[in-house]
Amino acid sequence: MTVAMSEAQLVDLVISWVQSNHRPGNSRNGKISADTDLIAGGLLDSFGFIDLIVFIESQSGCKIDLTDVDPSEFCVVKGLCRITLRNQ
Amino acid sequence: MTSPTSKLANPIVETYSRLAEHYDDDPNLHSCWGQGADKALGSIHLKDDYRLILDIGCGTGRALAWLASRARSRVQFVGIDPAENMRNLALRRVQPFRNVQIWDGSFEHIPLETGSVDYLFSIFAFHWTTDPDAAVREVRRVLKPGAEMDLFFIGRDNGREFIQKTTPIFLKYMGPALLLESARMRKQLTKEAAHQLFAKAFSPPELSIDESYQTYYDTLEGHWGWWVRIEGHFMQIPAARKEECDGEVKNALQDLVEGRGIPYTIHQLHVRLRRG
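Quick note, the sequences are listed as chains C and Y, same order.
Everything in the first sequence is counted per my numbering, starting at 1465 for the first residue and increasing by one.
Everything in the second sequence is counted per my numbering, starting at 112 for the first residue and increasing by one.
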């Protein structure tokens, strides 16, 4: 069962997931924030994003619609969380 | 009659077919991928008791022709590929060999009888499968009991140098939805995921999976020579913007240059099946 989440809760969840699942060679323990660009920082590639979206959808109960999403919003932690919550 | 793969046409197959005539151009053959494919092919040793040998994703038939030229004539070779123009080139290449046939097919649809294949190989094709579970079941189906197999394909961490540089550019030109859709076309597995997948149909000690990381250095032009292999990913970038995108990608790759050239690391998985 999933419950409605606040943006702050979702941001924490995403940061925690990225800290455990980021690409090898990018040790950023403790340095990922809501404003971190996950692609420019090399933390996730497109496969990583696929895994992350599956995780977010399973946790939030939201189906994330990426149609017409601004790329610069998508790749930042808080942006991705806002996209998710817009679908709630 | 509907061909076994026509219903499964996808951008990758369509693009391989459209660009087939460029596939054996020198820049691709001499690229890191050409070298990697030759290395995999060189590791294949055909045994005297193989009767039917299958190459899945045979492309233009280079591996089949090379192996057929070294095999006894009583061995039958079959190559399958879903890309029509690739098959046409393969047919021309294997024409001198009466024991080689080229058919339409893919990992998910192998046009051979159950339990008929003695040895199955595939070089850099399995990651294009659209349904890994169905592909493994189909491979299992066509192999004889005691058959052997070598599958070489790219792993999850392939091309790591390029990925970090090019992903922001492809995101800009494709947008998030298309970028992820494009990534889903490749089934790049970790070694652990590959083991879980193949263990559904095969068991140790016959089954083993190795992984390797081999870094190749080349010029920008050298690397661009193998771009023909991945053009299918970019079909949905409007033509007017494609040239601009290519320019940005080239500039980004040029930033990677070091003493020996621009590095590209192939993460290869090798699924091996041997008689117990």
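The beta-carbon is built from N, C-alpha and C at its ideal position, and this holds for glycine as well.
Owing to the predicted nature of the structure, the values given are computational and were not obtained by experimental measurement.
The beta carbon of residue 1498/C sits closer than 6 Å to the beta carbons of 1475, 1541, 1542 from its chain, once the five residues preceding and following it are set aside; these are given in chain order.
Taking a Cβ-Cβ cut-off of 8 Å, residue 340/Y has no neighbours in chain C, whose nearest Cβ is about 17 Å from it.
By the criterion of a C-beta distance shorter than 6 Å, residue 196/Y is surrounded in its chain by 128, 131, once the five residues flanking it on both sides are discounted. Each residue's CA atom was taken as its position, placing residue 236/Y and residue 265/Y some 8 Å apart. In the DSSP assignment, residue 152/Y falls within the unbroken alpha helix (DSSP H) covering 143-153. Ranked by Cα distance from residue 213/Y, the options 381/Y, 359/Y, 170/Y, 334/Y are led by 170/Y. Linking residue 244/Y to residue 308/Y through their CA atoms gives a straight-line distance of about 7 Å. Between the stretch 209-226 of chain Y and the stretch 145-160 of chain Y there are fewer than three inter-stretch CB-CB distances shorter than 8 Å, so the stretches are not counted as touching. Only those residues of the stretch 238-270 of chain Y whose C-beta falls short of 7 Å from the nearest C-beta of chain C are listed: 267, 268.
Along the stretch 1515-1534 of chain C, going in chain order, the ones with a CB nearer than 9 Å to a CB of chain Y are 1517, 1529, 1530, 1531, 1532, 1533, 1534. Taking C-alpha positions only, residue 1471/C is separated from residue 123/Y by approximately 38 Å. Nearest neighbour of residue 204/Y by Cα position, chosen from 232/Y, 175/Y, 192/Y, turns out to be 175/Y. For residue 310/Y against residue 318/Y, the beta-carbon gap comes to about 7 Å, under 8 Å, which counts as contact.
Using a CB distance cut-off of 8 Å, residue 1510/C counts as an interface residue toward chain Y.
The closest CA to that of residue 383/Y, considering only 313/Y, 361/Y, 343/Y, is found on 313/Y.
Secondary-structure assignment with DSSP links residue 260/Y through a beta bridge to 231/Y, 384/Y. Under the Cβ distance rule, residue 365/Y does not count among the residues neighbouring chain C, no pair being separated by less than 8 Å. If only complete runs of 4 or more residues are kept, the stretch 204-254 of chain Y shows the alpha helix (DSSP H) at 243-253, in order along the chain. The C-beta of residue 1503/C comes closer than 8 Å to at least one C-beta of chain Y. DSSP, reduced to helix, strand and coil, places residue 379/Y within a strand of the structure shown. With contacts defined as CB atoms closer than 8 Å, residue 1549/C and residue 288/Y fail to qualify as a contacting pair. Per the C-alpha coordinates, the member of 379/Y, 373/Y, 343/Y positioned closest to residue 126/Y is 343/Y.
Here residue 373/Y carries a strand assignment [DSSP, helix/strand/coil]. Annotation: Cβ neighbours of residue 278/Y in chain C (cutoff 8 Å, chain order): 1503, 1509, 1510.
Across the set 363/Y, 352/Y, 142/Y, 300/Y, the C-alpha of 300/Y shows the shortest separation from the C-alpha of residue 269/Y.
DSSP, reduced to helix, strand and coil, places residue 1544/C within a helical segment of the structure shown. Exclusion of the five residues before and after residue 152/Y leaves 174, 177, 234 as the residues of its chain whose Cβ lies within less than 7 Å of its Cβ. When the five nearest sequence neighbours on each side are left out, the beta carbons in the same chain lying within less than 6 Å of the beta carbon of residue 262/Y are those of 233, 237, 382, in order along the chain.
By alpha-carbon distance to residue 328/Y, the top candidate from 136/Y, 141/Y, 135/Y is 141/Y. Along the stretch 1533-1551 of chain C, the positions whose C-beta sits under 8 Å from a C-beta of chain Y are 1533, 1535, 1538, 1539, read in chain order.
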